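Structure first, commentary second.
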Amino acid sequence: MSKVMTENLTTLGVHLRNDRQLGDLADVIEAIALATKAIAAKIQRARIDDVIGAIDNVNVQGEVQQKLDVLSDELVLRCLRACPSVAVYASEEQEAPAVLRDQSQGGAYAVLSDPLDGSSNIDVAVSVGTIFSVLPNDQPDASTADAVLQPGRNQVAAGYVLYGSSVLLVLATKHGVDMYVLDPSLGEFLLVATGLSMPTEKKIYSINEAYLNDFDAGLQGYLEYVHGNGYGARYIGSMVADVHRTLLKGGVFIYPATTKAPKGKLRLMYEGNPMAYVMEQAGGAGSIGASRILDVMPEQLHERTPVIVGSTLEVEQVSKRIA
Ligand code: P6P
Numbered sequence: 212m213s214k215v216m217t218e219n220l221t222t223l224g225v226h227l228r229n230d231r232q233l234g235d236l237a238d239v240i241e242a243i244a245l246a247t248k249a250i251a252a253k254i255q256r257a258r259i260d261d262v263i264g265a266i267d268n269v270n271v272q273g274e275v276q277q278k279l280d281v282l283s284d285e286l287v288l289r290c291l292r293a294c295p296s297v298a299v300y301a302s303e304e305q306e307a308p309a310v311l312r313d314q315s316q317g318g319a320y321a322v323l324s325d326p327l328d329g330s331s332n333i334d335v336a337v338s339v340g341t342i343f344s345v346l347p348n349d350q351p352d353a354s355t356a357d358a359v360l361q362p363g364r365n366q367v368a369a370g371y372v373l374y375g376s377s378v379l380l381v382l383a384t385k386h387g388v389d390m391y392v393l394d395p396s397l398g399e400f401l402l403v404a405t406g407l408s409m410p411t412e413k414k415i416y417s418i419n420e421a422y423l424n425d426f427d428a429g430l431q432g433y434l435e436y437v438h439g440n441g442y443g444a445r446y447i448g449s450m451v452a453d454v455h456r457t458l459l460k461g462g463v464f465i466y467p468a469t470t471k472a473p474k475g476k477l478r479l480m481y482e483g484n485p486m487a488y489v490m491e492q493a494g495g496a497g498s499i500g501a502s503r504i505l506d507v508m509p510e511q512l513h514e515r516t517p518v519i520v521g522s523t524l525e526v527e528q529v530s531k532r533i534a
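In short: position in the sequence shown from 1, add 211, done, that's the working numbering.
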């Protein structure tokens, strides 16, 4: 069970430095956290500052960009550029990775991010989030940009910030999963739980059943199973919110392949991989159906993947039917 930290007042920076083994990875996490504090402030004032809505541009995914997508991406880049150990930054909002410094200049890590996932929900005040993934820069100087194309099992840290009724940072490292809450009066992420651990089963499933007719027969069979076995349905339509609920309460979040989207909608490198890493570090699982998300060998930065993440037994219930 996670330990709720009530007796101490511990900031993100203090907790990261107490984990001596993290080394300069702590600086990378703090740079990401700084960007998310700035993003949170923008989101809270979005309608006041008239930054709600779309701009006349589509991103590399062919999706209409929201004003806050661009602002968030710029904030993450500015914070990472100031961090001496970040080599390269790859974002959902940019076609190619931004090389900031190579190994010979101290660039030890590659950071990937969906800087503002679910941003189309902001105009109706639904929770949104920033998702991040950190990989070691394993490339020689001339090929630094290629450091972003590694399987998810190589991640050294991953997590998300949920901009909801409170602003939460969930951080997974090799030492487990910790949760922080942003105290706006201090401007600090405060540690509220360590060692998050998921239940191995929970009768909650999270999927957009509007696409039922586009699901394969195995997944349709799974839905018949849950409809007849006392499961509850929860679907917010914002990945960070749906995944966070699944992490804390258990169950399974599914964004599968469909006839119209044969590899699914969500992206492997900065959505599937980080969320699967968080789940596995909390004792859960992340599958594409036939295999583990973290074992997928990426071919392209923006490739999509089916995502089935959550409690181990619930992920298995889905995976065995669609493998
Ligand atoms: P659908 C938000 O647009 C998003 O990228 C994820 O945050 C979310 O899980 C998914 O798309 C929702 O997609 O097709 O159910 O609207």
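All residues carry an ideal CB built from backbone N, CA and C; glycine is no exception.
No experiment lies behind these values; they were computed from the predicted model shown.
Between the CA atoms of ILE263 and LYS158 - distance to the nearest angstrom:
Since the first and last residues shown for the chain are 212 and 534, residue 158 lies out of range.
Got a sec, what are the start and stop residues for the alpha helix (DSSP H) ILE243 sits in?
236-255
Reducing DSSP to helix, strand and coil, say where ASP284 ends up.
helix
So, does the segment 319-335 touch the segment 239-253, judging by three or more C-beta pairs under 8 angstroms?
yes
Spatial distance of ARG289 from LEU434 (CA atoms)
44 angstroms
Using the beta carbon as the reference atom, which residues fall closer than 5 angstroms to any heavy atom of the ligand P6P, ordered along the chain?
ASP328, GLY329, ASN419, GLY448, SER449 and MET450
Considering only C-alpha positions, which residue in the set GLY375, ASN348 and LEU407 is nearest to ALA493?
LEU407
Would you kindly report the start and end of the unbroken alpha helix (DSSP H) that includes TYR433?
428-438
Local conformation of VAL367 per DSSP, three classes
coil
Please state the DSSP three-state secondary structure of PRO485.
helix
May I ask you to verify whether the segment 364-380 touches the segment 451-459, counting CB pairs closer than 8 angstroms and requiring at least 3?
yes
State yes or no: is the C-beta of GLY497 within less than 8 angstroms of the C-beta of LEU505?
yes
Determine the contact status of LEU477 and TYR466, defining contact as a CB-CB distance below 8 angstroms.
yes
Beta-carbon separation of VAL388 and LEU236 under 8 angstroms?
no
With DSSP collapsed to three states, give me the class of GLY511.
Note that residue 511 corresponds to Gln in the displayed sequence, not to Gly. In this structure, GLN511 counts as coil in the three-state DSSP scheme.
With a threshold of 7 angstroms on Cβ separation, who are the neighbours of PRO410 within its own chain once the five nearest residues in sequence on each side are excluded?
GLY461 and SER522
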